[in-house]
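S.K.:
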Amino acid sequence: MDKLVRDIMKIGVPTCDVNAKLDEIAKIMMRDGTDAVIVMDEEDGAIGVVSQSDLVRAYTRNWQLLTAKKIMTEKILCVDPTSSITAAANMMQDEKVHQVFIMHEHPGTGKPSAIVTMRAIVREMAGLPADRPLSPMQKARKK
Numbered sequence: 011m012d013k014l015v016r017d018i019m020k021i022g023v024p025t026c027d028v029n030a031k032l033d034e035i036a037k038i039m040m041r042d043g044t045d046a047v048i049v050m051d052e053e054d055g056a057i058g059v060v061s062q063s064d065l066v067r068a069y070t071r072n073w074q075l076l077t078a079k080k081i082m083t084e085k086i087l088c089v090d091p092t093s094s095i096t097a098a099a100n101m102m103q104d105e106k107v108h109q110v111f112i113m114h115e116h117p118g119t120g121k122p123s124a125i126v127t128m129r130a131i132v133r134e135m136a137g138l139p140a141d142r143p144l145s146p147m148q149k150a151r152k153k
């Protein structure tokens, strides 16, 4: 039986302001070890996603002058925590993205609550616990 998204999702999603500069977004990604950041508007609603791919594309276009709003993808791909991991993987493949989000719905706006990444699916395939890297001892045993 296919496991569910809730079995591998990472609770908590990094966010940035719609006017955040790209160096700030890159720092958030590096700090949180994530490949994407949800862009929030002035009313604290999720309005888009900035991925590592978006940042790399922007690198060639005066990136120091750009903001999240200028490079974000407005479509936020969402799955339900009770969806199958296979359904999430199919969505990622179909949409050519590396992550999908779980949103906590509020009246009139959605708030990001969790993320499922390709890496989380690969961890599941490897039989590793969700969202925890190998310890140094585990790494040594793998060699």
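Residue numbers (the working numbering): 11 to 153. Quick reminder that beta carbons are idealized off the backbone N, C-alpha and C, glycines included.
1) Can you grab the Cα-Cα spacing for the pair residue 36 / residue 20, in whole Å?
2) Please indicate yes or no: does the CB of residue 136 lie closer than 6 Å to some heavy atom of the ligand MG?
3) If you follow the beta strand (DSSP E) that residue 89 is part of, which residue opens it and which one closes it?
4) Helix, strand or coil for residue 32, going by three-state DSSP, please let me know.
5) Below 7 Å between beta carbons: does that hold for residue 120 and residue 56?
6) Taking 7 Å as the limit between beta carbons, can you name the residues of its chain near residue 51, skipping five residues before and five after?
7) How would you label residue 122, buried or exposed, when you count the other beta carbons within 10 angstroms and need 16 or more for buried?
8) Straight-line CA distance for residue 101 to residue 126?
9) Can you give the Cα-Cα distance for residue 104 and residue 76, rounded to whole angstroms?
10) Are the Cβ atoms of residue 9 and residue 95 separated by less than 7 Å?
11) Could you check which residue in 48, 43, 26, 82 has the C-alpha nearest to that of residue 88?
12) If you run the structure through DSSP and keep just helix, strand and coil, what is residue 138?
13) Give every residue of the same chain whose Cβ lies closer than 7 Å to the Cβ of residue 30, excluding the five residues on either side of it in the sequence, and list them in chain order.
14) Comparing C-alpha positions only, which one of 81, 71, 91, 53 sits nearest to residue 62?
15) Mind checking which residues open and close the alpha helix (DSSP H) that includes residue 81?
M.R.: In short:
1) As a position in the sequence shown, residue 36 is number 26, starting the count at 1. As a position in the sequence shown, residue 20 is number 10, starting the count at 1. Distance between the alpha carbons of residue 36 and residue 20 is about 19 Å.
2) Looking at this structure, you won't find the ligand MG or any other ligand, since it has none at all.
3) Counted from its first residue, the sequence shown places residue 89 at position 79. No beta strand (DSSP E) contains residue 89, which DSSP labels as neither H nor E.
4) In the sequence shown, the residue the question calls residue 32 occupies position 22. Correct three-state label for residue 32: helix.
5) On the sequence shown, residue 120 is found 110 positions in, with the first residue counted as 1. On the sequence shown, residue 56 is found 46 positions in, with the first residue counted as 1. Against a cut-off of 7 Å, the Cβ pair of residue 56 and residue 120 comes out as a contact.
6) Within the sequence shown, the letter at position 41 stands for residue 51. Here the set comprises 28, 57.
7) Locating residue 122 in the sequence shown gives position 112, counting from the first residue. So residue 122 ends up on the buried side.
8) Translated into the one-based positions of the sequence shown, residue 101 becomes position 91. Translated into the one-based positions of the sequence shown, residue 126 becomes position 116. If I take the Cα positions, the gap works out to 11 Å.
9) On the sequence shown, position 94 is the one that residue 104 refers to. On the sequence shown, position 66 is the one that residue 76 refers to. Rounded to the nearest angstrom, the two C-alpha atoms are 29 Å apart.
10) Nothing about residue 9 can be reported from this structure: the residues present for the chain run from 11 to 153 only.
11) Working through the sequence shown from its first residue, we reach residue 88 at position 78. Taking only the C-alpha atoms, the option nearest residue 88 is 48.
12) Within the sequence shown, numbered from 1, the residue matching residue 138 stands at position 128. DSSP places residue 138 in the coil class of the three-state scheme, outside both helix and strand.
13) Residue mapping note: residue 30 aligns to position 20 of the sequence shown, counting from 1. Contacts found: 77, 78.
14) Here residue 62 corresponds to residue number 52 of the sequence shown, with the count starting at 1. Of the listed residues, the one whose Cα sits closest to residue 62 is 81.
15) Looking up residue 81 in the sequence shown gives position 71. Segment 78-81, the alpha helix (DSSP H) holding residue 81.
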